[in-house]
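Student:
2 protein chains.
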Amino acid sequence: MAINDLFKALSDETRRKILDLLRFGDLTAGEIAIHFDMSKPGISQHLSVLKNAELVHASKKGQYVYYSLNTTVFQEVMKWMIQFNQSKGENND
Amino acid sequence: MAINDLFKALSDETRRKILDLLRFGDLTAGEIAIHFDMSKPGISQHLSVLKNAELVHASKKGQYVYYSLNTTVFQEVMKWMIQFNQSKGENND
DNA sequence: TAAATGTTTAAGTAATTACTTAATTATTTA
DNA sequence: TAAATAATTAAGTAATTACTTAAACATTTA
Chain A
530 MAINDLFKAL SDETRRKILD LLRFGDLTAG EIAIHFDMSK PGISQHLSVL KNAELVHASK
590 KGQYVYYSLN TTVFQEVMKW MIQFNQSKGE NND
Chain B
530 MAINDLFKAL SDETRRKILD LLRFGDLTAG EIAIHFDMSK PGISQHLSVL KNAELVHASK
590 KGQYVYYSLN TTVFQEVMKW MIQFNQSKGE NND
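Respectively, the protein sequence lines represent chains A and B. Throughout, this note's numbering is defined as the position within the first sequence, counted from one, plus 529. Throughout, this note's numbering is defined as the position within the second sequence, counted from one, plus 529.
1. For D534 of chain A, which residues in the same chain have their Cβ closer than 7 Å to its Cβ, ignoring the five residues on either side in sequence?
2. Near L551 of chain A, which residues of its chain fall below 7 Å by C-beta distance, leaving aside the five closest residues on each side in sequence?
3. Measure from the C-beta of K608 of chain A to each C-beta in chain B and report whether the shortest distance is under 8 Å.
4. Residues of chain B with CB closer than 7 Å to the CB of E542 of chain A, please, in chain order.
5. Note down the Cα distance separating L556 of chain A from F613 of chain B, rounded to an integer number of angstroms.
6. Is the region 603-611 of chain B in contact with the region 566-581 of chain B, if contact means three or more CB pairs nearer than 8 Å?
7. Cβ of F536 of chain A less than 8 Å from any chain B Cβ?
8. Report the option in A:K590, A:A558 and A:M610 whose CA atom is closest to the CA atom of L579 of chain A.
9. Sort out for me which residues DSSP pairs V602 of chain A with in a bridge.
10. Find the nearest neighbour of V594 of chain A within the set A:Q615, A:I611, A:I561 and A:M610, judged by alpha-carbon distance.
11. Near R545 of chain A, which residues of its chain fall below 8 Å by C-beta distance, leaving aside the five closest residues on each side in sequence?
12. Please classify K631 of chain B as buried or exposed, where buried requires at least 16 other C-beta atoms within 10 Å of its C-beta.
13. List the residues that DSSP assigns as beta-bridge partners of T557 of chain B.
14. With DSSP run on the structure shown, which of helix, strand or coil describes W609 of chain B?
15. Near T543 of chain A, what residues of its chain come up, given a Cβ to Cβ distance below 6 Å and the 5 sequence neighbours on each side ignored?
16. Output the distance between the C-alpha atoms of L548 of chain A and M610 of chain A, rounded to the nearest integer angstrom.
17. Run down chain A in chain order and give the residues with a C-beta less than 8 Å from the C-beta of F613 of chain B.
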């Protein structure tokens with residue numbers, strides 16, 4: 530889970546909205562798609578980007594695929610961000 | 530400073546490296562450019578994106594332009610991130 | 001097993017983004 | 001004031017990204 534993939538995944542508005550939706554509970558790909566004015570394959574591709582960045586987890590239940598947040602990966606990004614609120618010159622790589 | 534501009538600005542590796550450099554102190558455009566294998570106009574354009582997102586501040590001193598971090602804007606992003614580590618369903622818009 | 005439903009993959013395209021070199025602007029110094 | 005230095009703007013291009021529709025795959029139900 531390269532930090533680059535994380536930021537790339539977060540740089541798209543649609544993907545951030547998908548993450549927002551998932552805060553309120555797990556959803557199937559179809560349930561997510563309903564919220565957007567975009568084709569289902571379009572949403573599926575966004576979900577694929579989020580899954581690759583490990584921001585979400587997918588689990589198949591029958592013909593449905595449930596998506597859920599992977600909150601631990603958000604902490605990776607937080608860690609990167611936090612550097613910029615610390616005193617100058619400390620390197621936390 | 531739309532959150533979208535912030536994430537778009539952060540989605541590029543070169544721009545994140547520029548921010549990393551500025552953690553250790555203010556630098557001129559030229560000093561920043563030295564650290565990269567890229568033309569100076571290329572770096573200048575990245576600096577422009579960072580400035581637009583208000584992640585950095587630019588101040589001209591003679592013929593030099595000094596760039597510095599604007600740490601307060603990082604907190605905007607932090608606030609967005611923090612939502613995902615809170616209990617489900619709380620909306621902090 | 002055929003039809004229906006949910007989802008993803010494939011292939012192509014339009015829009016955006018990250019670069020390049022050349023030209024321009026601003027400032028300092030010989 | 002001319003030349004040198006610092007930085008940006010302009011214009012063009014290659015690469016990437018975000019979509020679309022059509023096709024394929026997986027599962028359930030009639």
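Yeah, the Cβ is synthetic: ideal placement off N, Cα and C, and Gly gets one too. These numbers come from a predicted model, not from an experiment.
Tutor: So, to answer that:
1. Correct list, in chain order: N581 and A582.
2. Only V585, Y596, S597 and L598 meet the Cβ criterion.
3. It does not; no Cβ of chain B falls within 8 Å.
4. Listed along chain B are N533, each with a C-beta nearer than 7 Å to that of E542 of chain A.
5. Rounded to the nearest angstrom, the two C-alpha atoms are 16 Å apart.
6. Result no; under three Cβ-Cβ pairs closer than 8 Å.
7. F536 of chain A counts as touching chain B.
8. Nearest Cα to L579 of chain A within the set A:K590, A:A558 and A:M610: A:A558.
9. Paired residues: none, contrary to the question.
10. Out of A:Q615, A:I611, A:I561 and A:M610, A:I561 has the C-alpha closest to the C-alpha of V594 of chain A.
11. If the five residues before and after R545 of chain A are omitted, its C-beta is found closer than 8 Å to the C-beta atoms of L539, all from its own chain and listed in chain order.
12. Past the edges of chain B, shown from 530 to 622, lies residue 631 of chain B, and the structure says nothing about it.
13. For T557 of chain B, which the question treats as bridged, DSSP gives the partners B:Y595.
14. Here W609 of chain B sits in helix by DSSP.
15. Excluding sequence positions up to five before and after T543 of chain A, its CB lies within less than 6 Å of the CB of H575, all in the same chain and listed in chain order.
16. The alpha-carbon of L548 of chain A is positioned some 19 Å away from that of M610 of chain A.
17. Near F613 of chain B (Cβ distances below 8 Å), the residues of chain A are L548, R552, L598, T600 and F603.
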